[in-house]
Amino acid sequence: MTDDNNLLRQLETIQADALKALETAADESSLQTWRTAYLGRSAPVMNIFSRLGEVSKEERPIIGQRANQVKQALEAAFETSFTTVKEAALQHSLTTQKLDVTLPGRPQSHGRLHPVTQTLREIYAVLAEMGFQIYRTRDVETDEMNFELVNIPAHHPARDMWDTFHMTTPGVLLRTHTSPGQVRAMRQYNPDPIRIALPGMCYRYEQISARSEIQFHQVELLTVGRNITFGDLKGTLEDFARRMYGDNVRTRLRPSYFPFTEPSAEMDVECFVCGGKGCPICKGAGWLEILGCGMVHPTVLKNGGYDPTVYSGYAAGMGVERISILRHKIEDIRYFWGNDVRFLEQF
Ligand SMILES: [Zn+2]
Numbered sequence: 008m009t010d011d012n013n014l015l016r017q018l019e020t021i022q023a024d025a026l027k028a029l030e031t032a033a034d035e036s037s038l039q040t041w042r043t044a045y046l047g048r049s050a051p052v053m054n055i056f057s058r059l060g061e062v063s064k065e066e067r068p069i070i071g072q073r074a075n076q077v078k079q080a081l082e083a084a085f086e087t088s089f090t091t092v093k094e095a096a097l098q099h100s101l102t103t104q105k106l107d108v109t110l111p112g113r114p115q116s117h118g119r120l121h122p123v124t125q126t127l128r129e130i131y132a133v134l135a136e137m138g139f140q141i142y143r144t145r146d147v148e149t150d151e152m153n154f155e156l157v158n159i160p161a162h163h164p165a166r167d168m169w170d171t172f173h174m175t176t177p178g179v180l181l182r183t184h185t186s187p188g189q190v191r192a193m194r195q196y197n198p199d200p201i202r203i204a205l206p207g208m209c210y211r212y213e214q215i216s217a218r219s220e221i222q223f224h225q226v227e228l229l230t231v232g233r234n235i236t237f238g239d240l241k242g243t244l245e246d247f248a249r250r251m252y253g254d255n256v257r258t259r260l261r262p263s264y265f266p267f268t269e270p271s272a273e274m275d276v277e278c279f280v281c282g283g284k285g286c287p288i289c290k291g292a293g294w295l296e297i298l299g300c301g302m303v304h305p306t307v308l309k310n311g312g313y314d315p316t317v318y319s320g321y322a323a324g325m326g327v328e329r330i331s332i333l334r335h336k337i338e339d340i341r342y343f344w345g346n347d348v349r350f351l352e353q354f
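Start counting the sequence shown at 8; every next residue gets the next number (the numbering used here).
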């Protein structure tokens, strides 16, 4: 009994001592020190809780209850003092420190367009001037549209040129190029003439490296009509190159192979970094490959609903990231999807 009364007396002393100490805590840091001392894990009131086991069964709830009251009283006193101290500190800073309204404000940083978007918009502007209409088609395609109808049947060796992301649904895939849009556009417009640009994201199942990404943008051109010749293709692409790279840029066509065009070619522009003398960007060649092109293959025309004995057309395709890389001398294609503002802020 004496022991128990002793604990109750101790609680009274603990509370009185703590409240007295709190009166002298006049700033935030001394208040925190007080809290650690009187409400922390090894505070005197906590010590009473751990000693409840020594007390008789009858007295235990009484002492426990009293200890709780003391703890709550100390917490409440702390909160009150803490609010008072903070208020006082704020009042002090308002009255003693002057507000200088002439200080410059914090600068707002502006967002900007992704370098690929900038290049895309420039291409659109040039093509629009030349009378091409933008035609968007889907990213998820069928095997038939992506391969078969553009003259790449199953088991065709050219399929190795496009490593493909296949969906779990058989025959459905992410387009490996914008060419399936050719067939969709032809089926929509035939027998009318076509002059369109097909922009969009393409996907290839490839090892990501400094030179190749699994997703990238292409812009493809397609014209179909009567009497369209290889001369039209050459003239249009030379005009495009001049509008994109400057009036004096020199271009050349090299024979190439694509399953959906016949004949096929690749177009180079004179290296705009070294002016044709040879540099690391053009790997010493003096020329930069900018697009692939050719006359639309008769089979593709037929698949689009045009009679290849009456109609002809040309197609060309370019990689937008590649154009951005050449233009800004970017050494790693992975920067485009790295989402690093230090890279993006440079454009
Ligand atoms: Zn060069």
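Just so it is clear, CB atoms sit at the ideal spot from N, CA and C, and this is done for glycine as well.
Assuming residue i contacts residue j under a Cβ cut-off of 8 angstroms, what Cβ separation, rounded to an integer in Å, is found between them?
| i | j | result |
| --- | --- | --- |
| L38 | F89 | 6 angstroms |
| R182 | C209 | 6 angstroms |
| R250 | V133 | 4 angstroms |
| F293 | E277 | The residue you asked about is not Phe; residue 293 is Gly in the sequence shown. The Cβ separation is near 7 angstroms, so the contact holds. |
| G299 | F223 | About 14 angstroms separates the two Cβ atoms, so there is no contact after all. |
| T4 | G178 | Since the displayed the chain opens at 8 and closes at 354, residue 4 lies outside it and no answer follows. |
| H184 | Q214 | About 19 angstroms; that fails the 8 angstroms criterion. |
| V348 | V303 | So it is not a contact: roughly 42 angstroms between Cβ atoms. |
| F343 | E328 | 6 angstroms |
| G320 | L229 | 7 angstroms |
| V77 | Q22 | 5 angstroms |
| R233 | V317 | 6 angstroms |
Pick from the options: whose alpha carbon is nearest that of residue i?
| i | options | result |
| --- | --- | --- |
| Y212 | G232, H173 and Q72 | H173 |
| N54 | Q76, Q79, L14 and L29 | L14 |
| H257 | F279, T102 and L229 | In the sequence under discussion, the amino acid at residue 257 is Arg, which differs from the His named in the question. The candidate whose alpha carbon is nearest that of R257 is F279. |
| E227 | T20, L333, H163 and L240 | L240 |
| R166 | N153, T175, R194 and N197 | N153 |
| Q374 | G118, H163 and H184 | Outside the displayed range of the chain (8 to 354) lies residue 374, so it cannot be described from this structure. |
| G301 | P262, L333, Y318 and T43 | P262 |
| L295 | N75, Y252, H304 and H163 | Y252 |
| Q72 | E86, K93 and F56 | F56 |
| T176 | A161, V147 and N197 | V147 |
| E151 | K93, A161 and L81 | A161 |
| A80 | S49, R42 and S63 | R42 |
| D34 | T87, I330, K64 and K78 | T87 |
| N75 | T103, L18, F247 and R218 | L18 |
| E129 | P198, E66, G242 and F247 | F247 |
| A84 | N346, P305, E30 and I330 | E30 |
| I141 | P206, S116 and S100 | P206 |
| M193 | A322, L120, I297 and E66 | A322 |
| N197 | A44, P315, P68 and S49 | P315 |
| S219 | R67, T126, G324 and I332 | I332 |
| Q125 | N346, I330 and G345 | I330 |
| G345 | R259, G242 and H121 | H121 |
| P305 | T102, C281, T144 and S271 | S271 |
| Q195 | L59, T144 and F237 | T144 |
What is the DSSP secondary structure of residue i, reduced to helix, strand or coil?
| i | result |
| --- | --- |
| S216 | coil |
| F279 | coil |
| Q76 | helix |
| G71 | helix |
| M8 | Only weak support is given to the placement of M8: the predicted model assigns it a pLDDT of 44, under 50, and the value that follows is read from those uncertain coordinates. The answer is coil: DSSP assigns M8 none of H, G, I, E or B. |
| L180 | strand |
| R142 | Arg is not the amino acid found at residue 142; the sequence shown has Tyr there. Coil. |
| L205 | strand |
| H99 | helix |
| I332 | helix |
| R5 | One cannot answer for residue 5 here, as it falls past the ends of the chain, which runs 8 to 354. |
| Q22 | helix |
| G47 | coil |
| Q353 | coil |
| F89 | helix |
| P287 | coil |
| S263 | strand |
| R233 | strand |
| G320 | strand |
| V256 | coil |
Verify the CB distance criterion: does residue i have a CB-CB separation below 8 angstroms to chain C?
| i | result |
| --- | --- |
| E227 | The chain inventory of the structure shown lacks chain C, comprising one protein chain alone. |
Between the region 254-267 and the region 151-164, can you find at least three pairs of beta-carbon atoms closer than 8 angstroms? yes
Decide if the region 135-153 is in contact with the region 194-209; the criterion is three or more beta carbon pairs, one per stretch, under 8 angstroms apart. yes
Assess, as a yes-or-no matter, whether the region 90-109 is touched by the region 337-349 under the definition of 3 or more beta carbon pairs within less than 8 angstroms. no
Taking one C-beta from the region 304-311 and one from the region 277-288 each time, how about it: are there three or more such pairs within less than 8 angstroms? no
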